[in-house]
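Engineer: Structure below; questions to follow.
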Amino acid sequence: MSTTRPLLGMRRVPELTCPEQPTSRLPASAGRQPPEALTVDEFTVLEDKQEELKCAKPRVEQVFKVTFTIIGLLDHTGQPHGSRTSRQIWLQLRGNRDDVSKAKEYVRGLCDPELQKEERYPVDMHCIFASTRGLFLDRLVRDTSAEVLVPEPGRLRLLGRAEPVVMAQSKVQQFVALFQEKRSLPSDRESSVKRAFKSFVEERDDKYTMELLLLPSSLKEELLGLVHSPPCTTTPPLVLHPSMAEVDQDRSQSSTPVTELSNRILDTSFDERG
1 MSTTRPLLGM RRVPELTCPE QPTSRLPASA GRQPPEALTV DEFTVLEDKQ EELKCAKPRV
61 EQVFKVTFTI IGLLDHTGQP HGSRTSRQIW LQLRGNRDDV SKAKEYVRGL CDPELQKEER
121 YPVDMHCIFA STRGLFLDRL VRDTSAEVLV PEPGRLRLLG RAEPVVMAQS KVQQFVALFQ
181 EKRSLPSDRE SSVKRAFKSF VEERDDKYTM ELLLLPSSLK EELLGLVHSP PCTTTPPLVL
241 HPSMAEVDQD RSQSSTPVTE LSNRILDTSF DERG
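Just so we're aligned, residue 1 is where the sequence shown starts under full-length UniProt numbering, counting upward by one.
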């Protein structure tokens, strides 16, 4: 159910608020177009997901650059009592249209996951999911609208709606394949990728920087493509180093598609569920 106004006979209880958590990110509204250009989407989920959503609120706003408001209980009866498993809460997402759409898919997947997968990866790749202040992991979530959790080095837990989970799974499998193949790039592109990736990770220096610099160049190129893929927001994209612009141009002519792999995984997933 999705609408912009409560239905007749329903009421909202006072808005639920979450304590502000320390963060280095910019406010979700920074750099956006005037308010009339923003999209507002209001929808409901079951009340028993309320606590989970309160915990997820900062992450939703950080990853998708939207304003996420938990408005409160949508009461069909006008009475405060009833089953938490049948009552619903009212949610609102505000932001750029595509960001709101992706965030809504992510939130619905958290509240009612259609698919859950566990994906293994070599422990030497853990730097990808733990470094650069979580940027690679955040961009993977943003691009796919699936929740991606790291329970321990070498293991990922993916959950959400079926298509987002499949897309996230295929992306991770692609990273693993590139890591294991250790395929070299053409010499001119190899040097551009190395320069661009070195500049990118050193600007976000942490304890994983050296491990990131040792990754195969083909994987470095894919990770650069992930973080510099066209954002859905109207906020300015990450500033590209000149060599990063070269890499983006090369990737546009030789990127590795994941569509076929995604379709194969999706078919397999639904066969298992059937």
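Here a beta-carbon is modelled for each residue, glycine too, at the ideal position from N, C-alpha and C.
#1: Which residues does DSSP list as the beta-bridge partners of residue 41?
#2: Drop a sphere of 10 angstroms on the beta-carbon of residue 22, count the other beta-carbons inside from all chains shown, and report buried for 16 or more, exposed for fewer.
#3: Cutting at 6 Å between CB atoms, please list the residues of its own chain near residue 141, excluding the five before and the five after it.
#4: Does the distance between the C-beta of residue 93 and the nearest non-hydrogen atom of the ligand GTP fall short of 7 Å?
#5: Can you list the alpha helix (DSSP H) stretches of 4 or more residues lying completely in the UniProt domain "N4BP1 second type I KH-domain" (113-228), in chain order?
#6: Could you name the residues of the same chain whose beta carbon sits closer than 8 Å to that of residue 204, not counting the 5 residues immediately before and after it, in chain order?
#7: Following the continuous alpha helix (DSSP H) through residue 47, name the residue where it begins and the one where it ends.
#8: For residue 47, which of 74, 181, 66 has the nearest alpha-carbon?
#9: Could you give the distance in angstroms between the alpha-carbon of residue 194 and the alpha-carbon of residue 220?
#10: Thinking C-beta only, is residue 166 closer than 8 Å to residue 119?
#11: For a quick check, are the C-beta atoms of residue 70 and residue 91 less than 8 Å apart?
#12: Spatial neighbours of residue 176 within its chain, please: CB distance less than 6 Å, with the 5 preceding and 5 following residues excluded, ordered by chain position.
#13: Among 127, 68, 51, which has the Cα closest to the Cα of residue 99?
#14: Output the distance between the C-alpha atoms of residue 59 and residue 65, rounded to the nearest integer angstrom.
#15: Under 8 Å by Cβ, that's how I've got residue 222 and residue 174 pegged, so tell me the actual separation to the nearest angstrom.
Structural biologist: For this structure:
#1: DSSP lists 93 as partners of residue 41.
#2: Residue confidence for residue 22 is low, a pLDDT of 38 falling below 50, so the modelled location carries little weight; the figure read from the coordinates is stated next. Around the beta-carbon of residue 22, fewer than 16 other beta-carbon atoms lie within 10 Å, marking it exposed.
#3: Taking C-beta separations shorter than 6 Å and ignoring five residues to either side along the sequence, the partners of residue 141 in its chain run 63, 148, following chain order.
#4: For the ligand GTP, the structure offers nothing, since it holds no ligand at all.
#5: If one requires a minimum length of 4 residues, the alpha helix (DSSP H) runs lying completely within the UniProt domain "N4BP1 second type I KH-domain" (113-228) are 126-130, 135-144, 162-181, 187-203, 209-213, 217-227, in chain order.
#6: The beta carbon of residue 204 sits closer than 8 Å to those of 131, 132, 133, 135, all from its chain and outside the five residues before and after it, given in chain order.
#7: That residue, residue 47, is in no alpha helix (DSSP H); it is neither H nor E in DSSP.
#8: Measuring from the Cα of residue 47, the nearest candidate turns out to be 74.
#9: C-alpha separation (whole angstroms): 8 Å.
#10: For the 8 Å CB-CB criterion, residue 119 and residue 166 do not form a contact.
#11: Taking 8 Å as the cut-off, the beta carbon of residue 70 is found closer than this to the beta carbon of residue 91.
#12: The answer, listed in chain order, is 121.
#13: For residue 99, the nearest C-alpha among the options comes from 68.
#14: So the alpha carbons of these two residues sit roughly 9 Å apart.
#15: Yes, residue 222 and residue 174 are in contact; Cβ-Cβ is about 7 Å, under 8 Å.
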